[in-house]
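*Asks:*
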Amino acid sequence: MREKLPLPAEVAGLFIDRSVQSKDNPAEHSGRLRSFKHEEGNWATLVYALYSGCEEDHFARLQSELFRCLRPLEFQPMEDYHMSLSRTVTLRHHWIEDMREMLRTSFAEQPSSCCEVCGLAVLSNDEKTRSFLTLTVSCADDVLESYTSAVDKCFKEYNLPPYYKPPLFHISIGWCLGDVTNLVSMQTKHRMQDILNTALSEDEELQYFRVDTVSMKAGNKLFTFHTSAKRSCEKTSGLGFT
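Under our numbering, think of the first position of the sequence shown as 301, with each following residue one higher.
#1: Please say whether A408 and S528 have beta carbons closer to each other than 8 angstroms?
#2: Sort L460, S449, C415 and L468 by Cα distance to E505 and report the nearest one.
#3: Using alpha carbons as the reference points, say which of K517, L500, R510 and V514 lies closest to T418.
#4: Does the Cβ of Y447 have 16 or more other Cβ atoms within 10 Å, making it buried, or fewer, making it exposed?
#5: Would you kindly work out how many angstroms separate the C-alpha atoms of A312 and S412, rounded to a whole number?
#6: Taking the alpha helix (DSSP H) that L506 belongs to, which residues open and close that run?
#7: Taking Cβ positions, are M492 and L420 nearer each other than 8 angstroms?
#8: In angstroms with no decimal places, state the Cα-to-Cα distance between N482 and K453.
#9: Roughly how many angstroms separate the alpha carbons of T429 and F455, rounded to a whole number?
#10: Go ahead and label Q487 buried or exposed: buried means 16 or more other beta carbons lie within 10 angstroms of its beta carbon, across all protein chains shown.
#11: Taking only the alpha-carbon atoms, compute the straight-line gap between S322 and T498 and give it to the nearest angstrom.
#12: Answer yes or no: do V437 and V347 have a C-beta to C-beta separation smaller than 8 angstroms?
#13: Tell me whether the segment 457 to 467 and the segment 505 to 520 touch, counting them as touching only if at least three CB pairs, one residue from each stretch, are closer than 8 angstroms.
#14: From Q410 to P372, what does the alpha carbon distance come to, in whole angstroms?
#15: What residue does the beta strand (DSSP E) around F544 start on, and which one ends it?
#16: Rounded to whole angstroms, what is the Cα-Cα separation between W343 and K521?
#17: Near S472, which residues of its chain fall below 6 angstroms by C-beta distance, leaving aside the five closest residues on each side in sequence?
#18: Roughly how many angstroms separate the alpha carbons of F375 and E356, rounded to a whole number?
#19: Between E401, F367 and P466, which lies nearest to M516 when the distance is taken from Cα to Cα?
#20: Evaluate R387 with the Cβ neighbour count: other Cβ atoms within 10 Å of its Cβ, from every protein chain shown; 16 or more gives buried, anything less gives exposed.
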């Protein structure tokens with residue numbers, strides 16, 4: 301029997317398994333871990349509405365004061381500030397355009413909305429690897445529930461998970477490693493709520509924000525969808541800590 305000759309490197313390279321998962325290095329992400337492993341062809345996808353109040357000078361001061369209340373817990377600012385309307389899911393690359401079109405059509409039939417920041421909550425992700433300081437949000441006429449239902453309907457076509465039931469609409473303004481939800485005392489929560497109440501009374505741009513567009517981010521792709529008619533902003537609820 302003749303001895304088999306090795307394949308040339310350039311030929312052998314054609315048969316490398318391209319589906320091997322890349323390793324996640326927490327050191328590159330301030331100690332954060334992915335909620336799910338990265339696989340080639342799968343794109344992390346989120347549907348959300350931007351929070352315009354983060355552009356106000358009062359926002360940075362509010363954020364700093366709340367972080368100070370939470371010490372010695374080390375909360376860090378978020379990279380952006382938005383209200384999620386879906387879970388973060390993995391979307392196959394060849395599904396993205398179809399999902400974009402489905403969401404565009406769905407939100408063209410949805411009204412715009414005026415949302416109100418109405419409290420605070422400390423939440424953790426499903427994996428309990430990170431905690432978030434959040435501003436809770438309310439809206440009249442169940443419009444936000446209508447938004448998430450529209451997204452859930454689109455996601456169902458691809459067997460993707462729906463949004464949380466019951467929903468707690470919120471804007472994450474800070475994060476820290478681990479599950480610290482039980483480490484924040486009621487006294488600290490009350491003090492933080494007082495700080496928030498003062499900030500909202502001084503700047504309505506922090507308290508109210510309009511949603512005229514909704515975005516979907518899939519990997520490095522960003523799509524924006526317009527709602528239908530505009531609404532005026534009116535106060536919808538009281539304030540409180542969840």
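Positions of the beta carbon are idealized from the N, C-alpha and C atoms, including for glycine.
*Replies:* So, from the listed chains and residues:
#1: yes
#2: C415
#3: Per the sequence presented here, residue 418 reads as Cys, with Thr not at that position. The option with the nearest alpha carbon to C418 is L500.
#4: buried
#5: Any reading at A312 needs caution, since the residue's pLDDT is 43, under 50, leaving its predicted position unreliable; the model's value is listed next. Whole-angstrom Cα-Cα distance: 55 angstroms.
#6: E504 to Q507
#7: yes
#8: 34 angstroms
#9: 25 angstroms
#10: exposed
#11: Interpretation of S322 is limited by its pLDDT of 46, a score under 50 that renders its predicted location unreliable; no figure is taken from the coordinates.
#12: no
#13: no
#14: 43 angstroms
#15: With the chain represented from 301 up to 542, any question about residue 544 goes unanswered, as that position is not in the structure.
#16: 9 angstroms
#17: M378, F432 and T434
#18: 20 angstroms
#19: E401
#20: buried
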